[in-house]
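I have placed the structure first, in the form of structure tokens, so that the comments after it can refer back to it.
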Amino acid sequence: MRRAHFLLLGLTVFLAGLVAAQPAARRVALTGSMGDRALLAIDGAPPRVVAIGSTVSGVKLLRMDGNEAVVEVDGRRQTLRLGESAVNLGGAASAGSGTEIKLTSDARGHFLANGQVNGRGVSFMVDTGASAVALGKSDAERMGLSYLNGQRVPVNTANGVVVAYRVSLNSVRIGDVEIFNVEALVNPQDMPFVLLGNSFLTRFQMRRDNDTLTLSKRF
Numbered sequence: 000m001r002r003a004h005f006l007l008l009g010l011t012v013f014l015a016g017l018v019a020a021q022p023a024a025r026r027v028a029l030t031g032s033m034g035d036r037a038l039l040a041i042d043g044a045p046p047r048v049v050a051i052g053s054t055v056s057g058v059k060l061l062r063m064d065g066n067e068a069v070v071e072v073d074g075r076r077q078t079l080r081l082g083e084s085a086v087n088l089g090g091a092a093s094a095g096s097g098t099e100i101k102l103t104s105d106a107r108g109h110f111l112a113n114g115q116v117n118g119r120g121v122s123f124m125v126d127t128g129a130s131a132v133a134l135g136k137s138d139a140e141r142m143g144l145s146y147l148n149g150q151r152v153p154v155n156t157a158n159g160v161v162v163a164y165r166v167s168l169n170s171v172r173i174g175d176v177e178i179f180n181v182e183a184l185v186n187p188q189d190m191p192f193v194l195l196g197n198s199f200l201t202r203f204q205m206r207r208d209n210d211t212l213t214l215s216k217r218f
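Counting along the sequence shown from 1, when you hit position 203 you're at 202 in numbering that gives the first Met the number 0, and nothing is skipped either side.
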């Protein structure tokens, strides 16, 4: 019995080591370029300027050509195209059990991030004035949301009052932080970003230090 116990304990430690040894997933999107340098958003973090031959967070930029970039992670090469959703470059997919998001403002003071809604890649912009997460028609259709069956809600926009549709999103994720069952409004027009409104933000304690916004998960 003692020998069997030690064998079982050893197997448990070995399996735990295998799990720990799995490389973290890398989700990368090309968000812009500056000459021969690329703006890469990695794992939902704000875009970083990466020069050819340089490595950031395990992602190496091999080539930058117009609206395309070739990157390498753990020996695997992938072509990224400007404006497309983030690409998973291998590794173990994280469980979304993180508790903190850090965002850095852009030159206009906006907090932007790449992430996922219902598993589909999107670009977010924080909007503390929005009551709920808001997304445009094309994003909703790409996610397969049956938004026309949702409750019709009048919404004030820069173009006047429009009728939006209230829906529930299965999940909203930025980096390693995932929130489930999030209320959202689908705008009948296209939108350049998915707005992170208060149906998402109230799940967090928010703290701003100069150009950094920290979201700490409440529940």
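For glycine and all other residues, C-beta sits at the position ideal for the given N, C-alpha and C.
- When rounded, the separation of the alpha-carbon atoms in A139 and Q77 is 27 Å.
- Between the C-alpha atoms of Y146 and D126 there is a straight-line separation of about 21 Å.
- About 6 Å separates the CB atoms of L39 and R47; that is less than 8 Å, so the two are in contact.
- R141 and S32 have their C-alpha atoms some 26 Å from each other.
- Cα atoms of P45 and N148: separation of roughly 35 Å, rounded to the nearest angstrom.
- Rounded to whole angstroms, F179 and F192 show a C-alpha spacing of 20 Å.
- R62 and I41 have their C-alpha atoms some 17 Å from each other.
- By the criterion of a C-beta distance shorter than 6 Å, T30 is surrounded in its chain by L38, A40, P46, once the five residues flanking it on both sides are discounted.
- In terms of Cα proximity to D105, the closest of R202, N209, V176, G65 is N209.
- For the pair G196 and A131, the CB atoms are nearer than the 7 Å cut-off.
- The DSSP-derived three-state label of A131 is coil.
- S198 is classed as buried because its beta carbon has at least 16 other beta carbons within 10 Å across all chains shown.
- Scanning its chain for C-beta atoms nearer than 7 Å, with the 5 sequence neighbours on each side dropped, one finds around L194 the residues M124, D126, A129, V132, A133, in chain order.
- Here the C-alpha atom of E67 lies approximately 20 Å from the C-alpha atom of D73.
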